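Shown next, in structure tokens, is the structure this report addresses.
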Amino acid sequence: MIDKCYAAAYGLSAGDTIHIASRAFRITGLGSVTDYDMPARNISDYSSNSELFGLAFLTDEDYAALLSELGSETRQDFVYSYKLAEGLTDDDLRKELLNIGDHNDAVLTFVPRANNARMCRAIIDGYAYELGGDILGIGLVVLVSVVFYLGIKTSIERESASIGALYAMGVKKHEVILMYLAPSTLIALIAGCAGWTASIWFSAATIISPSNYYCIPRVPVIASPFSIPYCILMPPVICFLINWVRLNKTLSMSPVSLLKGTFDTGIPRRRNPGRAHRIMFDLICSQFIKDKGLFLILMTGSLVAGLIYMLGTGLDQYLVNIMDRLPAEINYEYVYDLLDDTDVPSDTGESVYKKVFKINNMDYVADVPFIGLESPSEFFPVNTENLDGKVIISNALASRYGLKENDELNVFDEVTGKEYAFTVASITDYRVMYTAYMNIDDLRERLGKERVYNSVYSNKACDYKPAELLGAYRKEDFIRPAESLEPESKRMSIFLYIVATVFYMAVVAFIVRFSVSASQRQIAIFSVLGYSYRELKTIFLSSTAVFSAVCGAVGLIAGFHLSKLAVPYLLGTTAIGVFLYYSPAAFLRDFLVVLLIYVLSAGFTLNQIKKINELDYVSANE
Numbered sequence: 001m002i003d004k005c006y007a008a009a010y011g012l013s014a015g016d017t018i019h020i021a022s023r024a025f026r027i028t029g030l031g032s033v034t035d036y037d038m039p040a041r042n043i044s045d046y047s048s049n050s051e052l053f054g055l056a057f058l059t060d061e062d063y064a065a066l067l068s069e070l071g072s073e074t075r076q077d078f079v080y081s082y083k084l085a086e087g088l089t090d091d092d093l094r095k096e097l098l099n100i101g102d103h104n105d106a107v108l109t110f111v112p113r114a115n116n117a118r119m120c121r122a123i124i125d126g127y128a129y130e131l132g133g134d135i136l137g138i139g140l141v142v143l144v145s146v147v148f149y150l151g152i153k154t155s156i157e158r159e160s161a162s163i164g165a166l167y168a169m170g171v172k173k174h175e176v177i178l179m180y181l182a183p184s185t186l187i188a189l190i191a192g193c194a195g196w197t198a199s200i201w202f203s204a205a206t207i208i209s210p211s212n213y214y215c216i217p218r219v220p221v222i223a224s225p226f227s228i229p230y231c232i233l234m235p236p237v238i239c240f241l242i243n244w245v246r247l248n249k250t251l252s253m254s255p256v257s258l259l260k261g262t263f264d265t266g267i268p269r270r271r272n273p274g275r276a277h278r279i280m281f282d283l284i285c286s287q288f289i290k291d292k293g294l295f296l297i298l299m300t301g302s303l304v305a306g307l308i309y310m311l312g313t314g315l316d317q318y319l320v321n322i323m324d325r326l327p328a329e330i331n332y333e334y335v336y337d338l339l340d341d342t343d344v345p346s347d348t349g350e351s352v353y354k355k356v357f358k359i360n361n362m363d364y365v366a367d368v369p370f371i372g373l374e375s376p377s378e379f380f381p382v383n384t385e386n387l388d389g390k391v392i393i394s395n396a397l398a399s400r401y402g403l404k405e406n407d408e409l410n411v412f413d414e415v416t417g418k419e420y421a422f423t424v425a426s427i428t429d430y431r432v433m434y435t436a437y438m439n440i441d442d443l444r445e446r447l448g449k450e451r452v453y454n455s456v457y458s459n460k461a462c463d464y465k466p467a468e469l470l471g472a473y474r475k476e477d478f479i480r481p482a483e484s485l486e487p488e489s490k491r492m493s494i495f496l497y498i499v500a501t502v503f504y505m506a507v508v509a510f511i512v513r514f515s516v517s518a519s520q521r522q523i524a525i526f527s528v529l530g531y532s533y534r535e536l537k538t539i540f541l542s543s544t545a546v547f548s549a550v551c552g553a554v555g556l557i558a559g560f561h562l563s564k565l566a567v568p569y570l571l572g573t574t575a576i577g578v579f580l581y582y583s584p585a586a587f588l589r590d591f592l593v594v595l596l597i598y599v600l601s602a603g604f605t606l607n608q609i610k611k612i613n614e615l616d617y618v619s620a621n622e
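Position one of the sequence shown corresponds to residue 1 (full-length UniProt numbering), numbered consecutively onward.
Here it is as structure tokens:
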């Protein structure tokens, strides 16, 4: 049997033949292993790449035969899973393991469930997606509820005489409010039920993008109890409450006022008779005041669209940082991690002492390799002399944790559980991988080691036997995972760009159209008073034009700052530096796109102003 992630990577299925060493095996089935069901893509965890790593399950006889063929020097790793008895902790088991015999170094890894990146990373990712979905869903429901309110408000202004007549006949205000709220609340309820029904029919495997994981296991569809109040009850309740509060104020007018339809027309008094430009200015200011409610809606939509757009930008910049910098930052061709420490330095490369510590990273546990160097270093342009036990850290590590010179870097040993604190001496310009550099003697002394080495960096292939190595990597092994992410990340960023643009365009189009529709009565009156088509456009489109420009600019800037908080959290599974920037040239480009979106949206509304017939409004008022 082989694990299904490896099978999926190479299109293997039961009945196929696979060759291991020189032996051929027939695949009898595909197995599921918890650690490898949903391994996150990570350039620091090569066993998560199912194109490079796979698990095969053999019978005892076949395993013994394979081992005999490979030779007695073949290294074997024994991996044990454990389940804690009641009252015991991970640290209790860790201490027992380290006290067995005199060979403490035989324990290579100790990974509690909470620190199991491959097992728990997908779960924590799910929590992040769930939180983001909840916040976005509530925001959209509030936005749609306000849209409903604007439509209802327009209907009330148009039907004020009928409402006044109902008041005169003894109909209560709350009954009229319920009459107007029933359709929108019912629509919200039906939409919520439809959304909830759709949610329980979709498996996570069909909607999660494969850009984050190499393999998605088949999991049973479980509808969360929280989804019922969230999907079914929240939309109609929010819609009802928002509109009730607003309509209660609007419908508190007297029956006589409603019968006459004496709503504010937005026509100010002429403060300076005889000066046409002053009158136009007063009319435009009046329209700004009248549309102030639309400004809040447009600002909300702009913030949502700006955040979505900047998430796409952040993903692009994250990928560009890896693809541009990683090949340049890796100055060696081969890395050999030795199984046993040696006191003899390599004559074909640079021998170092390396220790991989762990660091807590926004609820994730990430690797931080500490590399002990002898100066001058052949492959690392850092000077580790006279550091006095301090460390030089990469810019990637410093930026993710906000570290600067003389700060403390806190890490821990995953095997012993011991915590370490190192003082930051300086920051070097490595922008991709988390790395810390020390004087080799300082690192050995801190770990209680003699004058030994355990890793070799080289530009030439070294002649090590498999039994002597913990691992061997080429430069391509570091770069290939990043290259595999590029096409999928591009598709995701393009998708976010499209969603943000379409969403913002829809909000702007609605705002412009609603502003003109709500002002039809005033447009008709101004038309009777002799205002030209050009003047009408100036009066009734100035407010939405300025609102769109202001909200678009604020949405872009605020979205960028929000993305600086969100992107590191969403990319917390990867031990890679995140550097986000927003240049003035990029802002100007995006702002021009915002203006273009408004021009396109307003263009569809211009004919609406032309077609307004003042006589229809006179007869309707009669």
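For every residue, glycine included, the Cβ atom is placed at its ideal position computed from N, Cα and C. As the structure is a computational prediction, the values presented were derived from the model and not from experiment.
Original post:
What does Ser351 pair with, by DSSP beta-bridge criteria?
Top reply: In the sequence shown, residue 351 corresponds to position 351, counting from 1. Answer is Val456.
Subject >> Local Cβ density within 10 Å of Cys285, reported as buried at 16 or more and exposed below that >> reply: In the sequence shown, counting from the first residue as 1, residue 285 sits at position 285. It is exposed - the Cβ of Cys285 has fewer than 16 other Cβ atoms within 10 Å.
**OP:** Flag this pair as yes or no: are the beta carbons of Tyr598 and Ser548 separated by less than 7 Å?
**Re:** In the sequence shown, residue 598 corresponds to position 598, counting from 1. In the sequence shown, residue 548 corresponds to position 548, counting from 1. Yes, the Cβ-Cβ distance between Tyr598 and Ser548 is below 7 Å.
Original post:
Is there contact between the segment 388-403 and the segment 421-437, where contact requires at least three CB pairs shorter than 8 Å?
Top reply: yes
Original post:
For Ile359, which beta-bridge partners are listed by DSSP?
Top reply: Translated into positions along the sequence shown, residue 359 becomes position 359. Beta bridge pairing from DSSP links Ile359 with Ala366.
**OP:** Measure from the C-beta of Ala467 to each C-beta in chain B and report whether the shortest distance is under 7 Å.
**Re:** Among the protein chains of the structure shown there is no chain B, as only one such chain exists.
Original post:
So Leu326 packs on Phe478, CB below 8 Å; how close in whole Å?
Top reply: On the sequence shown, residue 326 is found 326 positions in, with the first residue counted as 1. On the sequence shown, residue 478 is found 478 positions in, with the first residue counted as 1. Indeed, because the Cβ distance is near 7 Å, the residues count as touching under 8 Å.
Subject >> When Thr185, Ser32, Leu251, Asp429 are compared against Ile232, the one with the closest alpha-carbon >> reply: Residue 232 sits at position 232 when you count from the first residue of the sequence shown. For Ile232, the nearest C-alpha among the options comes from Thr185.
Subject >> Distance between Phe57 and Tyr457 (C-alpha atoms, nearest Å) >> reply: Here residue 457 refers to the residue found at position 457 of the sequence shown. Here residue 57 refers to the residue found at position 57 of the sequence shown. Going by the C-alpha atoms only, they are around 33 Å apart.
Original post:
In terms of residue numbering, what span does the alpha helix (DSSP H) encompassing Phe540 cover?
Top reply: Taking the first residue of the sequence shown as position 1, residue 540 is located at position 540. Taken as a continuous stretch (DSSP letters only), the alpha helix (DSSP H) holding Phe540 covers 533-570.
Original post:
In chain order, what residues of the same chain lie with their CB nearer than 8 Å to the CB of Lys358, ignoring the 5 residues before and after it?
Top reply: In the sequence shown, residue 358 corresponds to position 358, counting from 1. Here the set comprises Asn115, Val365, Ala366, Asp367, Val368, Val411, Phe412, Asp413, Glu414.
Original post:
Looking at the structure shown, is Lys74 part of a helix, part of a strand, or coil, going by DSSP?
Top reply: Working through the sequence shown from its first residue, we reach residue 74 at position 74. Note that residue 74 is Thr in the sequence shown here, rather than Lys. Thr74 falls in the coil class under three-state DSSP.
Subject >> Glu130, DSSP secondary structure in three states >> reply: Reading the sequence shown from its first residue, position 130 is the one you call residue 130. Reduced to three states, the DSSP call for Glu130 is helix.
**OP:** Quick one: grab the DSSP three-state call for Gly54.
**Re:** Taking the first residue of the sequence shown as 1, we reach residue 54 at position 54. Reduced to three states, the DSSP call for Gly54 is coil.
Subject >> In DSSP terms, what Ala421 is bridged to >> reply: Residue numbering aside, residue 421 sits at position 421 when the sequence shown is read from its first letter. For Ala421, the beta-bridge partners assigned by DSSP are Asn410.
**OP:** Report yes if the C-beta distance between Phe560 and Asn321 is below 7 Å; otherwise report no.
**Re:** Taking the sequence shown and counting its residues from 1, one reaches residue 560 at position 560. Taking the sequence shown and counting its residues from 1, one reaches residue 321 at position 321. Not a contact, by the Cβ cut-off of 7 Å.
Subject >> Distance between Val567 and Val550 (C-alpha atoms, nearest Å) >> reply: Locating residue 550 in the sequence shown gives position 550, where the first residue counts as 1. Locating residue 567 in the sequence shown gives position 567, where the first residue counts as 1. Going from the Cα of Val550 to the Cα of Val567 covers about 25 Å.
Original post:
What residue does the alpha helix (DSSP H) around Arg325 start on, and which one ends it?
Top reply: The residue given as residue 325 occupies position 325 in the sequence shown. Taken as a continuous stretch (DSSP letters only), the alpha helix (DSSP H) holding Arg325 covers 292-329.
Original post:
Should Ala509 and Ser601 be called a contact, given that it needs their Cβ atoms to be closer than 7 Å?
Top reply: Along the sequence shown, one-based indexing puts residue 509 at 509. Along the sequence shown, one-based indexing puts residue 601 at 601. Contact flag set, yes.
**OP:** Have a look at the DSSP bridge pairing and note the partners of Val335.
**Re:** Along the sequence shown, read from residue 1 onward, the residue named residue 335 stands at position 335. Note: Val335 sits in a beta bridge opposite Tyr457, Tyr473.
Original post:
How is the alpha helix (DSSP H) around Thr250 delimited, first residue to last?
Top reply: Against the sequence shown, residue 250 aligns to sequence position 250. Looking at the DSSP string, the run of the alpha helix (DSSP H) that includes Thr250 is 234-250.
**OP:** Using the Cα positions of Ala524 and Ala198, report the straight-line distance between them to the nearest angstrom.
**Re:** Numbered from its first residue, the sequence shown carries residue 524 at position 524. Numbered from its first residue, the sequence shown carries residue 198 at position 198. Distance between the alpha carbons of Ala524 and Ala198: 46 Å.
Original post:
Who are the near neighbours of Asn243 in its chain, counting only those whose CB is closer than 7 Å to its CB and skipping five residues on each side?
Top reply: If you number the sequence shown from 1, residue 243 lands on position 243. Within the same chain, Asn243 has close Cβ partners Ser145, Phe148, Tyr149, Ile152, Leu181, Ser184.
Original post:
For Val391, which of helix, strand or coil comes out of DSSP?
Top reply: On the sequence shown, position 391 is the one that residue 391 refers to. Strand at Val391.
Subject >> Exposure label - Asp3; buried when at least 16 CB within 10 Å >> reply: Taking the sequence shown and counting its residues from 1, one reaches residue 3 at position 3. Classification for Asp3: buried.
Original post:
Quick one: Cα of Ala8 to Cα of Gly29, how far?
Top reply: Along the sequence shown, read from residue 1 onward, the residue named residue 8 stands at position 8. Along the sequence shown, read from residue 1 onward, the residue named residue 29 stands at position 29. Their Cα atoms are separated by approximately 13 Å.
Subject >> Sequence-distant residues of its chain with Cβ nearer than 7 Å to Ser302 (five each side left out) >> reply: Within the sequence shown, numbered from 1, the residue matching residue 302 stands at position 302. For Ser302, where only same-chain residues beyond five positions count, the Cβ hits under 7 Å are Tyr504, Cys551, Gly552, Val554, Gly555.
Subject >> Terminal residues of the alpha helix (DSSP H) in which Phe25 lies >> reply: The residue labelled residue 25 in the question sits at position 25 within the sequence shown. Run containing Phe25: none in the alpha helix (DSSP H); it sits in the beta strand (DSSP E), 23-26.
Subject >> Nearest-angstrom Cα separation, counted from Tyr334 out to Ala191 >> reply: Taking the sequence shown and counting its residues from 1, one reaches residue 191 at position 191. Taking the sequence shown and counting its residues from 1, one reaches residue 334 at position 334. The straight-line gap from Cα to Cα measures roughly 58 Å.
Subject >> Gly372, DSSP secondary structure in three states >> reply: Along the sequence shown, read from residue 1 onward, the residue named residue 372 stands at position 372. Strand at Gly372.
Original post:
Which first and last residues belong to the beta strand (DSSP E) in which Ala161 is found?
Top reply: Here residue 161 corresponds to residue number 161 of the sequence shown, with the count starting at 1. Segment 160-168 is the alpha helix (DSSP H) holding Ala161; no beta strand (DSSP E) there.
Original post:
Buried or exposed: where does Ser543 fall if 16 or more other Cβ atoms within 10 Å of its Cβ makes it buried?
Top reply: Counting from one through the sequence shown, the residue named residue 543 turns up at place 543. Buried is the call here.
**OP:** Would you check if the distance between the CB atom of Val516 and the CB atom of Thr605 is smaller than 7 Å?
**Re:** Sequence index remark: in the sequence shown, residue 516 carries index 516 (1-based). Sequence index remark: in the sequence shown, residue 605 carries index 605 (1-based). Yes, Cβ-Cβ distance for Val516 and Thr605 is below 7 Å.
Subject >> Beta-carbon contacts of Tyr10 that lie in its chain and below 6 Å, excluding the five residues immediately before and after >> reply: Here residue 10 refers to the residue found at position 10 when the sequence shown is read from its first residue. Contacts found: none.
Original post:
Alpha carbon to alpha carbon, what distance is there between Arg521 and Arg513?
Top reply: By one-based count along the sequence shown, residue 513 stands at place 513. By one-based count along the sequence shown, residue 521 stands at place 521. Roughly 14 Å separates the two Cα atoms.
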